[in-house]
Structure formats: structure tokens, C-alpha cells
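So the structure is just underneath, and the comments pick up after that.
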Amino acid sequence: MKKTVFALATLSAAGLAMGQEVVRIGHVAAMTGPVAHFGKDSENGVRMAIEALNARGATIAGRTVKWVLAPEDDAGEPKQATAAAQKLADAKVNGVIGHETSGTTIPASKIYYDAGIPQITASSTNPAYTKQGFNTTFRVVANDIQLGQALGRYAVKTMGAKRVAVIDDRTAYGQGLVSEFVNGLRQQKVNVVAKEFTNDKATDFSAILTRIRASNPDLVFFGGMNAVAGPMLRQMKQLGLNVKMMGGDGICSDEMHKLSGGTMADGQVVCAEAGGVEASGKAGMDNFRAAYRKRFGIDVQIIAPYSYDATLLLAEAMNKAGSAAPAKYLPELAKIRYKGVTGNIAFDPRGDIRDGTITLYTFKGGHRTQIAVTK
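The sequence shown maps to residues -19 to -1, 1 to 356 in mature numbering (1 follows the signal peptide of the UniProt record, and there is no 0).
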């Protein structure tokens, strides 16, 4: 009797598997380490999208599909990133959202390209990622060329900066952002008075900040993440370097207040997020943020809306192709036109988003406050 019951259960399970296609979406970001708050935000966005796909019974060519998240942690480290990428490639996932930082996204992209697996980053902004000529690389946010030059214009035209010091964290993201910001300054006929570098795990900045103080800047631009920028801001105050700080999306979350030890003054920090919605998309973004808070009990950091859209447009490309096989839906992904929470998404021949927006923020009362959305 037991054998018969077991056999029936096995047949039933097999019948379910035969009638339902499983589509696995890989996600890789830092789930541990100093930038894990951003990585978890990114994964939460993918998780929400997969839950939405399953809840509405999203199909491919009329076939029932079970959408599954395949998460990996790269800890923000390039070597761990390539190991995670190889694991997903070996598992033959149907697509990948990630990685989180440019320093992990770029080396991992070659592995996905060799495996023929489409990869969409929702946060990596270094232009080198899409300049490699890989037809599997896509990005749903503006790149550092757009971001850095917009910040350069704002620093000079709006903030009145005339003496600017720059610091990068030696990562692909930090160096790339600083390079494009400096290009933006040059276009506005402003030169850099001091250039220093640190690393993405540093905690003591006294030596470089002392040298910068001697150059008498009116603005310090930092290319890196808030895990470094927060303590740096605190040490700037200790050294009497009471000038404004500017940076990219790596420092553009409410974590800055906590990481600076509460020393960040209102309006002292200006940052830009690669993305952002214009007025017509505000209601949709507000609804997403409310749903995110209800689901996870916390507020969105930055990446979640973009990783959410990236996941859903992968599913849309599969639906248009009638297949979840990467080789079959990749052409549809390349030419997709998708309206998401973050706005209209379409890619240029390199895989960069067309007409990407940039949002400028400052902080008031420890909370990020929008200044403007631009292109």
C-alpha cells in the first residue's frame, strides 16, 4: 500500500513538473560587506517582481510558468563576483539581474556573454560595461558619462564651485565617476585643485583630507560608496573642512546620515542618482515605494525600482519571443520598449538605456530630498 501511495505521489509531482515551465532569474549583489544595504535593496526589487509574476500567473506562449529567484552574494568583490557568475552560468539560469557595482559587473559580464545569458544591471554605471561589445549586456540606468557631466554642470552653475577637490576609492565605479565629473568641470572652465584617492574599505582619511584642506577647496567630490563617504564626512568636520560634499548614487541614500555619525548638515551633501522619474511617473513610483514598505517593512534605498523593472522586462522579452531560452529571447530584449515604474525603457545598440534620467538630491533632517530630475 505504501509503495502504491508513493508511486502515485511521484507520478503526480512529475505531472505537475511536466505541465509547468520553471524560469530561473539569477540575481547577484553584495548581500554581505559594507554595501550590503544596497545589495539587499536590489534583491528585494527582483523578489517583488518575481512574486508579482507568479501572483498574476504570467505565462510564456500560453504555457504556465513558475518564476524562481536564484540569488547569489558577491560581497562587492570582483573575485567572488566571477565565482557567483560562473555558478549561475553552470546552472543555466534564464537571465541575470546584477551585479550591483561596476567593479563586480564588468568582470562577471564576460562569463555571462560566454554562456549566452542576458545580464541587466540596475545600478552599475561605468561606461566600460557596455563598451565591451557583448550583446548580452544591458543597463536600465544612466551611465557615468551622463551622471558625472550633470554633476559637473550643477556644481559650477548652481552651487558656484570654483575650487574643487576630488577623491576616488580606486574602484571601477569611483574612478569612472570622478573622471567624468572632472570632464564636466572642464566643460565649465573649472579645474581641480586637489586630487586624492583612498580605497573602498578605508576608515582613516586624515592624511588625504589634511592635504585637501591645504588646497582651500569650496567643494569635495567623492567617487565611491556611502560606507566610506559617511566616515569621511565626519572626519572632514573634525579637521575643520566645513565644505560641501558631492557624489554619485553610491552616497545617495539615507544611510549617509547614520554613517556620518549625525554630522551631516542640511544641504551639505549633494548627490545624483542614475535614474529617477519625471512628474508623470511620480504616482507610480510612490505606489511602488508603499508596496515595498508593506512587503519588507523598510524604505527603498535606491536600486529596488530598477531591479524590479529589469526583472519584468526580462519576462516581457521572453513573452514576446514565446520562449525563456536566452538565445531566442535576446533579440526581443535588445529591441524592447517597456514602460515600467522607473519610466520608459529602451536600449541603444550597446545596451545602454536611451534617454536615461538623472535625479539630483540633497539631505534635510537626515533624509534624502529631491532637487530636480534632468537628462
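Even for Gly, the Cβ is constructed at its ideal location relative to N, Cα and C.
Please say whether valine 209 and alanine 183 have beta carbons closer to each other than 9 Å?
yes
Once DSSP output is grouped into helix, strand and coil, what is the label at methionine 213?
In the three-state reduction of the DSSP assignment, methionine 213 falls in the helix class.
Closer than 7 Å by C-beta to leucine 50: which residues in its own chain qualify, once you throw out the five before and the five after it? Chain order, please.
Ile6, His8, Val27, Arg28, Ile31
With burial defined as no fewer than 16 other Cβ atoms inside 10 Å of the residue's Cβ, what is the status of serine 261: buried or exposed?
exposed
Three-state secondary structure assigned by DSSP to lysine 316
coil
So does the stretch 35 to 48 actually touch the stretch 85 to 105, counting three or more Cβ pairs closer than 8 Å?
no
What did DSSP end up calling residue 357 once you bin it into helix, strand or coil?
The structure shown does not extend to residue 357, since the chain is modelled only from -19 through 356, so no value can be given for it.
Could you work out which residue in Ala96, Asn116, Thr85 is closest to alanine 62 when comparing CA atoms only?
The option with the nearest alpha carbon to alanine 62 is Thr85.
How many angstroms separate the CA atom of methionine 140 from the CA atom of glutamate 313?
Approximately 43 Å, taken between the alpha carbons.
Quick one: Cα of glycine 256 to Cα of threonine 343, how far?
15 Å
Extract the residue ranges of the alpha helix (DSSP H) inside the stretch 113 to 170, only unbroken runs of 4 or more that lie entirely within it.
Counting only runs of 4+ residues, the alpha helix (DSSP H) found wholly inside the stretch 113 to 170 occupies 125 to 138, 153 to 168, in chain order.
Should proline 330 be labelled buried (16 or more other beta-carbon atoms within 10 Å of its own) or exposed?
Burial call: exposed.
Considering Cα atoms alone, identify which of Ala70, Gly324, Val201 is closest to glycine 97.
Relative to glycine 97, the option among Ala70, Gly324, Val201 whose CA is nearest is Ala70.
Thinking arginine 194 and leucine 220 are a contact (beta carbons under 8 Å), I'd like their distance in whole angstroms, please.
Separation of the CB atoms of arginine 194 and leucine 220 is rounded to 6 Å, and the pair is thereby assigned contact status at 8 Å.
Which residues does DSSP pair with histidine 8 in a beta bridge?
Pro52, Ile78
Exposed or buried, which one is threonine 152 when buried takes at least 16 other CB atoms within 10 Å?
buried
Can you say whether lysine 21 is buried or exposed, counting buried as having 16 or more other CB atoms within 10 angstroms of its CB?
buried
What three-state label does DSSP hand glutamine 351 in the structure shown?
strand
Using three-state DSSP, classify threonine 45 as helix, strand or coil.
Correct three-state label for threonine 45: strand.
Considering only the beta carbon of each residue, do phenylalanine 277 and asparagine 25 sit closer than 9 Å?
yes
For lysine -17, I'd like the list of residues in its chain whose CB is within less than 7 Å of its CB, leaving aside the five on either flank, ordered along the chain.
Low per-residue confidence applies at lysine -17: pLDDT is 42, beneath 50, and the placement is therefore not dependable enough to give any value.
Taking 7 Å as the limit between beta carbons, can you name the residues of its chain near aspartate 290, skipping five residues before and five after?
Counting only Cβ-Cβ distances below 7 Å, and skipping sequence neighbours, we find Val121, Gly321, Val322, Thr323, Ile326.
By alpha-carbon positions, which one of Gln351, Tyr319, Gln67 ends up nearest to aspartate 235?
Answer by Cα proximity: Gln351.
Can you tell which of Asp149, Leu240, Tyr287 has the C-alpha that lies nearest to the C-alpha of proline 15?
The residue among Asp149, Leu240, Tyr287 with its C-alpha nearest the C-alpha of proline 15 is Leu240.
Kindly indicate which residue of Gly204, Gly346, Leu200 has the alpha-carbon position closest to the one of threonine 244.
Gly346
For methionine 29, the first and last residue of its enclosing alpha helix (DSSP H):
17 to 36
Do methionine 213 and cysteine 252 count as a contact pair if the criterion is CB distance below 9 Å?
no
Who does asparagine 325 pair with in a DSSP beta bridge?
Partner(s): Lys320.
Taking the alpha-carbon positions, what's the alanine 17 to aspartate 55 distance?
Approximately 10 Å between the Cα atoms of the pair.
Contact between the stretch 131 to 138 and the stretch 301 to 311 (3+ Cβ pairs under 8 Å):
Pairwise C-beta distances place the stretch 131 to 138 out of contact with the stretch 301 to 311, as fewer than three of them are shorter than 8 Å.
State the beta-bridge partners of glycine 204 as determined by DSSP.
Asp149
Endpoints, the alpha helix (DSSP H) within which glutamate 297 is located:
285 to 302
Identify the continuous alpha helix (DSSP H) that holds threonine 63 and give its terminal residues.
59 to 71 is the span of the alpha helix (DSSP H), which, as asked, contains threonine 63.
Starting from glutamate 2, follow its DSSP beta bridges and name the residues at the other end.
Val46
Ordered along the chain, which non-local residues of its own chain (more than five positions away) have a Cβ less than 7 Å from that of phenylalanine 115?
Once the five neighbours on either side are set aside, the close Cβ partners of phenylalanine 115 are Ser90, Tyr94.
In angstroms with no decimal places, state the Cα-to-Cα distance between arginine 274 and alanine 66.
30 Å
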